[in-house]
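J.:
There are 2 protein chains.
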Amino acid sequence: MSFNVTILGSGAALPTFSRNPTSQYIVCNDRHILIDCGEGTQIQMRKYGVKFQRITHILISHLHGDHYFGLVGLLSTMHLLGRDQGIKIYGPIGLENIIRNQLELGGAKLDFSIEFRSLDGKSAGLLFEDKLIEIHTFPLKHRIPTNGFLIKEKQKERILLGDLFKADGLSIALIPFFKKGADVEDLETGKIFSHLKYTLPPKESFSYAFCSDTVYSENIIPYIKDVTYLYHEATFLEKDRARAKATFHSTAMDAAKIALKANVKKLLLGHLSARFENGEMHEQEAKSIFINVQFVEDGKVYIISEL
Amino acid sequence: MSFNVTILGSGAALPTFSRNPTSQYIVCNDRHILIDCGEGTQIQMRKYGVKFQRITHILISHLHGDHYFGLVGLLSTMHLLGRDQGIKIYGPIGLENIIRNQLELGGAKLDFSIEFRSLDGKSAGLLFEDKLIEIHTFPLKHRIPTNGFLIKEKQKERILLGDLFKADGLSIALIPFFKKGADVEDLETGKIFSHLKYTLPPKESFSYAFCSDTVYSENIIPYIKDVTYLYHEATFLEKDRARAKATFHSTAMDAAKIALKANVKKLLLGHLSARFENGEMHEQEAKSIFINVQFVEDGKVYIISEL
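The listed protein sequences correspond, in order, to chains E and C. With the numbering used here, the residue at position 86 of the first sequence is 86, and numbering never jumps. Counting the second sequence from 1 gives a position; the numbering used here is that position plus 1000.
1. So, is C:A1167 buried or exposed, given that buried needs 16 or more other C-beta atoms within 10 angstroms?
2. Identify every residue that forms a DSSP beta bridge with E:N4.
3. Which same chain residues, not among the five before or five after C:L1272, have their C-beta less than 6 Å away from its C-beta?
4. Relative to the alpha-carbon of C:M1281, which residue among C:E1238, C:D1183 and C:L1074 has its alpha-carbon at the smallest distance?
5. Taking only runs of the beta strand (DSSP E) that begin and end inside the segment 1268-1304 of chain C, which ones reach a length of at least 3 residues, in chain order?
6. Using a Cβ-Cβ cut-off of less than 8 Å, list which residues of the segment 225-253 of chain E approach chain C; keep chain order.
7. Does DSSP put E:F69 in a helix, a strand or coil?
8. Is the shortest distance between the beta-carbon of C:P1015 and the beta-carbons of chain E less than 8 Å?
9. Counting C-beta neighbours from all protein chains within 10 Å, is the total for C:A1246 16 or more, i.e. buried, or is it exposed?
10. Could you tell me which chain C residues have their CB closer than 7 Å to the CB of E:S76, listed as they occur along the chain?
11. Would you decide whether E:D66 is buried or exposed? Buried here means 16 or more other CB atoms lie within 10 Å of its CB.
12. Taking all protein chains shown into account, decide if E:F290 is buried (16 or more other Cβ within 10 angstroms of its Cβ) or exposed.
13. In terms of residues, what are the limits of the alpha helix (DSSP H) holding E:E129?
14. Run down chain C in chain order and give the residues with a C-beta less than 8 Å from the C-beta of E:G106.
15. Quick one: Cα of C:L1187 to Cα of C:F1193, how far?
16. What does a CB cutoff of less than 6 Å around E:F3 pick up in its chain, not counting 5 residues either side in sequence?
17. Using the beta-carbon of each residue, which ones in chain C are nearer than 9 Å to E:G70?
18. Less than 8 Å between CB atoms is the rule here; does C:Q1102 satisfy it with respect to chain E?
19. Determine the chain E residues that contact C:I1055 at a beta-carbon separation under 8 Å, and present them in chain order.
20. Please confirm if E:G121 has its CB atom under 8 Å from at least one CB of chain C.
21. Which whole-angstrom value is the C-beta distance of C:A1255 and C:E1233, which I expect to be below 8 Å?
22. With E:Q42 and E:G70 assumed to form a contact (beta carbons below 8 Å), what rounded beta-carbon distance in angstroms separates them?
23. Distance cutoff 8 Å, beta carbons only. Does C:I988 sit that close to anything in chain E?
24. By the 9 Å beta-carbon criterion, what residues does the segment 80-91 of chain E contribute toward chain C?
25. In the DSSP output, what is E:V184 paired with across the bridge?
26. Is C:F1128 near C:H1057, with beta carbons less than 8 Å apart?
27. Quick one: Cα of E:L164 to Cα of E:I151, how far?
28. First and last residue of the beta strand (DSSP E) that includes C:A1209?
29. Could you tell me the alpha carbon to alpha carbon distance between C:S1123 and C:K1109, rounded to whole angstroms?
30. In terms of residues, what are the limits of the beta strand (DSSP E) holding C:P1139?
31. Pull up the distance between the alpha-carbon of E:I144 and that of C:L1105, whole angstroms please.
32. Let me check understanding here. Comparing Cα to Cα, which of C:E1277, C:F1177, C:L1034 and C:Y1048 lies closest to E:F17?
33. If you follow the beta strand (DSSP E) that E:K47 is part of, which residue opens it and which one closes it?
34. Between the Cα of E:I114 and those of E:N97, E:D130 and E:G125, spot the shortest distance and give me the residue it belongs to.
35. If contacts are defined as beta-carbon pairs under 8 Å, then C:L1267 and C:A1286 qualify, I think. What distance do you get, rounded to the angstrom?
36. On the three-state DSSP scale, how would you describe C:N1219?
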């Protein structure tokens, strides 16, 4: 099952020719999730071939416009295109009111339900889970209440050694236990069948954490510990540290420090200030302490797992 | 003084690759006016080189998202770029609340004032005037309250025949009267100095009317009588008449009939449904009864007057 992120907007508050405001489309084990939805996101989706009717979950980090001004337009377009499947939206307190008010004033009666869940920007917790994935939220540290998000695959099943299993003539009723890593006792003979003999360890479970917008904060490390990919904002460079501090944003070095301390596999940098042509300097700055780093670009797809 | 319209969005509810939702930038005698502001308008402005800090008046026709979802983002960007000049916004009841609510939740304290004036979509009237221009509103007929707009140059001054005036040795105090078309009497001699002798008729005053969205309605004709350019929506073609009626939109033929009956000089067609690749068929349909017609395209500038 694949796990990847399409960057729909890698810019900060001011859109530029090459960078739209924040939005990311995540496909994880055939679950389709949108994180943030800056103005123009629906147009980016068309441009990059994202089929937005597939989206079932929308996560909004905070109520700065470059992270949600495109949401009501996206929902309206979903409606106009005949959507009838419900959608879940997780976002800050106040978001539901804004969206419902705008839809109502426009006279739109949606043919699909919107299930809002308000986030206070202070609490961490599980937002959603099914048999394959989990979505968590955790607080970031910004000028207004802001939520980070973690999307992770659940622990996968152990891999059955089918030939050996058959050769020993065991009942197929044992398979689910073995796959979950449980041994089984034959109640008549007292014999123990060990899952270790008949299975290999499960494939790796991958994860993706989204941290934007935030000032440098070690408080987030426990929530993103050991993730496969960390997207961390890097609005500025070290030379703009004063500006970063004043606006509660991070530098590329800040992001690298967090990545290092959280022991993540790979760091993606985004939310670059409009003053930068691209993220090469950000990447360079971060690389001095954390090698596996890349700045993201609109329209590019980052593969967390192809398995 | 020039008078022109830049089309920032010529599409209808669903954005396409070539057509953004509705927005138009009007320059009239160095006054800078925005009509409607669909999602992505600020990005279109950058693309087409519109300096949006010059805008002093924003007119919003109605609260369907394709006509205003880009407004709050535009205002936020104006703020981020350091605007301190106030702005006037004329739009439907409910708009002010939406915009102020979003700005407040985002924690933005604007450095410029917004003066809102609510329009009920039922009344006609003068919204603004200065020494050179007037802005009027009038009701359209759509599913929700919707406003049309008329921007017109005031009647210009008569043109002084300077050489003749000097040759006759008249006092310069008479010039303002002559330019306004008034005769002046010499109170001592009783002699009348006729403005007709010393002036030529004023240059033509031009005007632009915006009608979107609306079903065919002859009620609007008195408001747009004899305008230089009429922009009238033409979401559909005659073959889609049932759909036009059901959604309170017009066909190209409807727009042409209105143009003919209102005796306008030129008709511009826009707000084309996403089902059409371009407006060639709309133009053709309208031309069968009104020859001076053109469909508009994003990024193009239509010159109402170069004088």
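Where is the CB? At the ideal position from N, CA and C, for every residue including glycine. No experiment lies behind these values; they were computed from the predicted model shown.
T.: Walking through what the data contain:
1. exposed
2. E:V27 and E:I303
3. G1279
4. C:E1238
5. 1293-1295
6. none
7. coil
8. yes
9. exposed
10. G1065
11. buried
12. buried
13. Note, E:E129: premise wrong, no alpha helix (DSSP H); beta strand (DSSP E) at G125 to E129.
14. L1063, H1064, G1065 and I1144
15. 11 Å
16. C28, F206, I304 and S305
17. E1039, G1040, F1069 and G1073
18. yes
19. Simply none; closest approach about 17 Å.
20. no
21. 7 Å
22. 6 Å
23. Outside the modelled stretch of chain C, which goes from 1001 to 1307, sits residue 988 of chain C, for which no answer is possible.
24. L80 and L81
25. E:F193
26. yes
27. 35 Å
28. S1207 to C1211
29. 33 Å
30. I1133 to P1139
31. 9 Å
32. C:Y1048
33. Run containing E:K47: none in the beta strand (DSSP E); it sits in the alpha helix (DSSP H), T41 to K47.
34. E:N97
35. 7 Å
36. helix
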